[in-house]
Amino acid sequence: MKGVWAVFRKEMADHLGSRRFAVIATIVVLASLAASLAAVESPAVSEMDREFLFLSLLTESGGAIPSFLYFITFLAPLLGIILGFDAINAERQRGTLSLLVSQPIYRDSVINGKFMAALATAAIVTSAILVLIGGVSISKLGIVPQGAEIARTALFFVASMLYIGFWLSLSILFSVLFDKTSTSALAALGVWIVLGFFLHMIAGIVADQVVPVGSNSAPQEIIRHEELRIAIMRVSPAYLLQEVSLAVLNPAVRIMGPLSPERLQGFIPSPLSLPQSLMVIWPQLTVLAALSIVCFGVSYVVFMRREIRS
Amino acid sequence: MEKAVETKQLTKNYGAFTAVDSLDLGIGRGEVFGLLGPNGAGKTTTILMLLGLTEPTSGSASVLGMDPVSEPLRVKRATGYLPEDVEFYEDLTARENLFYLADLNGIRGRKARETVEEALEKVELTRVIDSPVGTFSKGMRQRLGLASVLLKEPSLAILDEPTTGIDPEGVEKMLALIRGLAKDSGVTVMLCSHMLYQVQKVCDRVGIMFRSSMIASGTIEEIGKMILGDRRKTIKVVSQEGTLPDKEQLSAIEGLSGFRKSGGALVADFEETRQKEIIRDILEKGYLPMEVRGEEYSLEEIYMRYFQEV
């Protein structure tokens with residue numbers, strides 16, 4: 138780990154002082170604030186006398202503005218990509234990388250320090266937003282989040298860190314693989330667009346082809362169709378995060394995927410406890426973590442093996 | 005005396021290409037050693053192996069008594085390396101850049117402040133200590149690079165093309181600093197360059213690399229003798245009127261031979277033992293001896309001669 142903190146400190150200072158970070162952070166903060174303020178007016182929050190009102194600020198959308206959750210799934214990848222897409226190749230291009238690796242530090246300290254600094258930067262933004270939304274809750278709803286709500290928000294925070302971690306390691310991977318920063322940025326954005334926007338179309342088309350359903354199809358057919366569609370959707374970390382967040386932020390959610398009336402039999406409509414919610418989405422959390430680890434692992438290996446000449 | 009750098013049969017292959025072939029190199033402590041050779045001769049690969057930045061295919065290296073393969077961090081801590089075309093972080097100031105490098109070397113706090121300022125003072129960059137490196141000229145960058153080497157108080161300094169691309173005044177400054185490094189601080193210096201004249205001025209010994217192998221090493225005198233053979237001394241004779249001197253008249257002088265025309269003058273070889281008499285005789289015949297040459301071997305001649313033969 139020698140040198141990793143030196144790299145961490147430098148990278149952190151760079152991120153916090155950089156203009157592009159200022160831009161994306163401003164966008165994320167403003168969008169999230171707008172979403173939570175709009176959610177205050179949403180029917181789910183104003184009409185229902187339910188528990189966990191603070192959490193519904195995170196998941197409900199009001200009027201024309203999408204929910205905070207939607208913004209996070211949509212914008213967090215951008216944050217990750219912006220923080221990571223030029224981590225290695227910019228230094229290679231400028232020629233500072235050979236200076237860096239000839240210092241008495243382990244080579245993995247460079248990539249580890251950069252990853253940690255970017256993730257810490259993202260964590261600062263995300264936690265700042267959650268605290269801001271807490272402020273919205275206190276001032277608009279008069280509700281101070283506490284106990285279970287804070288625990289669930291913390292879990293949501295961890296999940297979104299895993300999510301950003303995936304995009305960060307993906308963009309770092311591209312910055313190791315491609316020598317040009319423009320190539321790595323475009324590659325990362327391409328993956329973002331495919332996974333974030335096109336995948337649900339692709340999933341729909343594939344499911345329609347494999348299990349065609351019409352208005353008079355058997356329920357089993359419809360369920361197979363849905364399950365296939367969701368299985369494909371789960372390739373995308375965005376979908377995984379949405380499932381995780383729904384279960385974590387909405388204690389009533391207990392099953393992911395299509396529900397048949399038989400499966401609903403005997404349900405007690407009471408909120409789940411946190412460990413139980415956690416069990417519902419444990420697979421999704423694991424996959425999110427695994428995706429980040431795979432991306433980071435590959436970039437790590439490639440970076441360690443590559444020779445750096447001046 | 006223990007050598008500062010010693011390699012035994014050091015070899016590096018990239019696939020079928022041999023970048024460095026069975027290199028035996030020895031540099032004594034406190035010595036200024038010049039490693040010469042055309043581009044692609046294997047100089048930089050040799051340096052990378054000495055620093056543990058790339059592993060040798062076979063053979064071994066020892067740097068300050070340490071093995072770069074098994075203890076690269078200790079080697080890099082004790083060795084200052086100035087990469088060819090060194091680059092720094094453009095948007096950081098000279099001071100910030102050096103602080104980062106000091107941090108990476110484990111120099112922190114007050115000690116870091118002192119060493120950074122001291123190093124910048126030595127290379128005469130105190131005036132621009134807080135200017136962004138982006139505004140620096142090439143010569144200033146190279147001097148900043150040298151400061152980054154001084155900073156870690158190395159026992160061995162490896163400088164790769166430290167004078168390329170700087171103006172003559174900058175070159176003089178740089179050479180003076182390198183000389184000072186060796187003479188005042190007792191640092192062993194390994195200087196890679198193809199600027200022969202400069203190498204000749206500062207180096208105690210030189211080694212010439214060509215096509216992956218060391219083809220000659222020793223003092224310039226030794227290499228010169230080896231490659232050019234015993235040196236013939238030449239004298240250039242002109243007439244006062246500017247006409248070509250009469251060869252017949254001059255050949256009467258004992259010890260002069262091998263006359264040839266060179267512009268408006270005659271050039272002849274002469275016997276060193278009769279130097280005084282020959283000059284007197286030439287004057288008596290009414291001619292002027294203009295240039296008496298051949299005291300020193302010029303590295304340029306050695307180099308050119310060698311590569312002509314190859």
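Residue numbers (this note's numbering), protein chains in the order written: chain D, 138 to 447; chain B, 5 to 314.
Yeah, the Cβ is synthetic: ideal placement off N, Cα and C, and Gly gets one too.
Residues near residue i by beta carbon distance below 8 angstroms, same chain, minus five either side
i, result
"residue 318 (chain D)", "222, 223, 226, 227, 230 and 312"
"residue 316 (chain D)", "226, 229 and 230"
"residue 58 (chain B)", "16, 49 and 52"
"residue 93 (chain B)", "100, 101, 104 and 137"
"residue 408 (chain D)", "188, 189, 388 and 389"
Residue i (DSSP reduced to helix, strand or coil)
i, result
"residue 168 (chain B)", "coil"
"residue 464 (chain D)", "Residue 464 (chain D) lies beyond the stretch modelled for chain D, which goes from 138 to 447, so this question has no answer here."
"residue 196 (chain B)", "strand"
"residue 134 (chain B)", "coil"
"residue 272 (chain B)", "strand"
"residue 340 (chain D)", "helix"
"residue 243 (chain B)", "strand"
"residue 46 (chain B)", "coil"
"residue 97 (chain B)", "strand"
"residue 25 (chain B)", "strand"
"residue 210 (chain D)", "helix"
"residue 252 (chain D)", "helix"
"residue 10 (chain B)", "strand"
"residue 387 (chain D)", "coil"
"residue 277 (chain D)", "helix"
With 16 other Cβ atoms within 10 Å as the buried cut-off, status of residue i
i, result
"residue 142 (chain B)", "exposed"
"residue 175 (chain D)", "buried"
"residue 294 (chain B)", "exposed"
"residue 167 (chain D)", "exposed"
"residue 13 (chain B)", "exposed"
"residue 169 (chain D)", "buried"
"residue 307 (chain B)", "buried"
"residue 75 (chain B)", "exposed"
"residue 169 (chain B)", "exposed"
"residue 287 (chain B)", "exposed"
"residue 148 (chain D)", "buried"
"residue 288 (chain D)", "exposed"
"residue 188 (chain B)", "exposed"
"residue 410 (chain D)", "exposed"
"residue 461 (chain D)", "Past the boundaries of the shown model lies residue 461 (chain D); chain D is included only from 138 to 447, so the question cannot be answered."
Below-9 angstroms beta-carbon distance, residue i vs any chain D residue
i, result
"residue 48 (chain B)", "yes"
"residue 92 (chain B)", "yes"
"residue 152 (chain B)", "yes"
"residue 40 (chain B)", "no"
"residue 14 (chain B)", "no"
"residue 270 (chain B)", "no"
"residue 179 (chain B)", "no"
"residue 185 (chain B)", "no"
"residue 248 (chain B)", "no"
"residue 160 (chain B)", "no"
"residue 55 (chain B)", "yes"
"residue 124 (chain B)", "no"
"residue 52 (chain B)", "yes"
Closer than 9 angstroms to chain B by CB, residue i
i, result
"residue 237 (chain D)", "yes"
"residue 143 (chain D)", "yes"
"residue 317 (chain D)", "no"
"residue 232 (chain D)", "yes"
"residue 242 (chain D)", "yes"
"residue 139 (chain D)", "yes"
Cutoff 7 angstroms; reference residue i; Cβ partners in own chain excluding five residues on either side
i, result
"residue 432 (chain D)", "303, 306, 307 and 310"
"residue 325 (chain D)", "218, 222, 307, 308 and 311"
"residue 366 (chain D)", "340, 341 and 344"
"residue 441 (chain D)", "244 and 245"
"residue 31 (chain B)", "7, 8, 9, 37, 192 and 194"
Same chain, Cβ closer than 6 angstroms to residue i, neighbours up to 5 away in sequence not counted
i, result
"residue 141 (chain D)", "246, 249 and 250"
"residue 90 (chain B)", "149"
"residue 292 (chain D)", "385"
Contact set between the segment 57–90 of chain B and chain D, restricted to residues whose Cβ is under 7 angstroms from the partner: 57, 58, 77, 80, 81, 85, 87, 88, 89 and 90
Chain D contacts made by the segment 98–113 of chain B, where a contact means CB separation under 7 angstroms: 104, 105, 107, 108 and 109
Contact list for the segment 417–447 of chain D against chain B, Cβ threshold 7 angstroms: 444, 445, 446 and 447
Interface residues of the segment 250–264 of chain D facing chain B [CB-CB below 7 angstroms]: none
Chain-ordered residues of the segment 147–162 of chain D with a beta carbon less than 8 angstroms from chain B: 147
Near-chain B residues of the segment 185–219 of chain D - C-beta to any C-beta below 9 angstroms: none
Members of the segment 122–149 of chain B near chain D, C-beta cut-off 9 angstroms: 149
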